[in-house]
Amino acid sequence: MPSQEDRSRADGKRERRRALRARRREIAASRDRAADGERLARHALDLIHKNHNFAIAKKRRAGQDDAEPVTITLYEPLPVEPDVTALLHTAYTSGMRILVPITLPDLDLDWAAWTPDGLGEPLGKEAIAAADIVFTPGLSVDAAGTRLGQGGGCYDKALPRATPTAPVVCILHPGEDLTDPPLPREAHDMPVDAVLTADGVRWIGPAVTTVG
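Position 194, counted from 1, in the sequence shown is what the numbering used here calls 209; the numbers after and before it change by one each time, with no gaps.
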């Protein structure tokens with residue numbers, strides 16, 4: 016049976032979500048989502064390329080094959096979420112492998128390869144381990160990297176299966192980052208490594224550096 020502290024924390028999260036959803040509706044209505052999406056895609060591709068160059072350098076030093084395509088996770092956006100449509104298409108035409116989530120009945124995530132023509136067959140919950148960068152949705156992120164999602168816990172279940180060296184990047188509208196007061200974080204809540212908006216990238220810790 017949940018303790019009083021657990022119930023209070025859950026109530027606090029519900030209140031924050033209500034407020035953040037209302038803020039999101041206001042922000043989305045005030046933005047040019049298509050233009051933001053183009054800017055977001057440019058920032059994302061720069062981030063991906065820097066991370067990939069860093070990963071290639073590490074593989075070469077270790078004598079490993081570096082010919083595999085970049086794999087990212089992304090998602091198909093809801094109407095009030097940041098528009099990642101441009102990023103989906105640009106990443107695909109650039110030769111990247113894109114995995115998008117399939118929500119299972121228990122709110123865990125399976126994954127499938129995305130193409131402009133549709134989704135491939137489900138690949139299993141462990142497929143996230145192939146991702147070089149994990150892009151996630153969310154309602155907000157605070158200064159410490161605590162992410163608040165929609166409340167289903169889907170990504171909290173999925174993220175522990177990602178490769179530890181793969182940056183986890185939450186995509187937000189400008190104005191949804193650096194939420195104050197800090198967001199509630201429980202033991203199962205995994206912090207993100209960076210926030211991506213149409214205005215750029217904010218790293219929570221040390222930024223990924225390109226190694227020549």
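For every residue, glycine included, the Cβ atom is placed at its ideal position computed from N, Cα and C.
This one's a predicted model, so the numbers in the text were calculated from it and none came from an experiment.
- The residue among Ala173, Asp214, Leu187 with its C-alpha nearest the C-alpha of Asp204 is Ala173.
- In the three-state scheme derived from DSSP, where H, G and I count as helix and E and B as strand, Leu138 is classed as coil.
- Straight through space, the alpha carbons of Glu30 and Thr180 are spaced by roughly 33 angstroms.
- Looking at the backbone, the Cα of Pro199 and that of Lys28 are separated by about 7 angstroms.
- Segment contact: the stretch 94 to 107 against the stretch 136 to 143, fewer than three CB-CB distances shorter than 8 angstroms; contact not assigned.
- Residue state for Ala44 is assigned as helix, using DSSP reduced to three classes.
- By the Cβ-count criterion, Leu193 is exposed, with fewer than 16 other Cβ atoms from all chains shown falling within 10 Å of its own Cβ.
- Closest by C-alpha distance to Tyr90, out of Leu187, Asp195, Glu191, Pro196, is Leu187.
- Its Cα nearest to that of Pro196, the residue Arg162 stands out among Val95, Thr88, Arg162.
- If you ignore the 5 residues before and after Trp126, its C-beta comes within less than 8 angstroms of the C-beta of Thr88, Leu114, Val115, Pro116, Ile117, Pro137, Leu138, Gly139, Lys140, Ala142, Ile143, all in its own chain and listed in chain order.
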